[in-house]
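Numbering (our numbering), first residue to last: 4 to 266.
Don't be surprised by glycine CBs; every beta carbon is placed ideally from N, CA and C.
Model, not experiment: these values are computed from the prediction.
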């Protein structure tokens, strides 16, 4: 993925391990991800009120947990840069991955009802997040209808995602699952101003296989086959989509139709 970065800044999909700590303190009003996150639809004064309740915590290093399954729920987390995977621990100590979150995406919504996190959140790379205390957010949303609507919209998106995932995992072939996953990532990178055709995968082949309900050997074979068919080029975690339209047609998507969002 190609994008110019200021020195010391980490962007989603890049291989850099540096992060500009000053950039983490940028207010919501000046954040390039505002249109994807909670601030969508808020004016300047309302943005200031939202910004006052948000905490910018230290970056989470690769492999560190943002929260563990069973932890008390206090905050929602908005990813500023980097990426997070969420998973539920199995009885035999393994992980069942349930989502991947990129910059501008909100996680923790599934913990609102039980008041405990039902899954764990682990950084796939050095990641910065905004910590949003839920009680203060709920109180603020009562006086800001636009914020209230945005929270409902984000919750609705999560429900739609869960329904879409059930369809993908229950009805699609292995090739279709991987193609849909790559197309979804492509669309999400485009929304963030990055290339939708060439990007680095922050998740491993094992993570992708786990998430899609496939064997890791199957995923590796499919990447090789897609490359032989001219659909993509792959070198380790770097992927270049050579024929996006054929990938879209593989999962039955018409031109311009949105794929299932894989988060």
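| Check | Outcome |
| --- | --- |
| Given 8 Å, three or more beta-carbon pairs between the stretch 222-230 and the stretch 178-198 | yes |
| Beta carbon of residue 102 nearer than 8 Å to that of residue 82 | no |
| Reduced DSSP category for residue 56 - H, G, I as helix; E, B as strand; rest coil | helix |
| Those runs of the alpha helix (DSSP H) which lie wholly inside the stretch 153-227 and span at least 4 residues | 177-194, 208-215 |
| Residue 88 classed as buried or exposed, judged by whether at least 16 other C-beta atoms fall within 10 angstroms | buried |
| Three-state class that DSSP yields for residue 247 in the structure shown | helix |
| For residue 234 and residue 246, the rounded distance between their alpha carbons | 5 Å |
| Cα-Cα separation, residue 114 to residue 132 | 17 Å |
| Beta-bridge pairing of residue 236 - partner residues as DSSP gives them | 243 |
| Burial state of residue 268 (16 or more Cβ within 10 Å) | Outside the modelled stretch of the chain, which goes from 4 to 266, sits residue 268, for which no answer is possible. |
| Secondary structure of residue 229, DSSP reduced to three states | helix |
| Those residues which DSSP pairs with residue 130 across a bridge | 63 |
| Within 8 Å, strictly: CB atoms of residue 53 and residue 79 | no |
| Straight-line Cα distance separating residue 221 from residue 325 | This structure cannot speak to residue 325, because the chain is shown only from 4 to 266. |
| Bridge-paired residues (DSSP) for residue 103 | 88 |
| Proximity below 8 Å, CB of residue 123 to CB of residue 63 | no |
| Residue range of the unbroken beta strand (DSSP E) whose run includes residue 69 | 68-70 |
| Range of the contiguous alpha helix (DSSP H) that encloses residue 142 | 137-146 |
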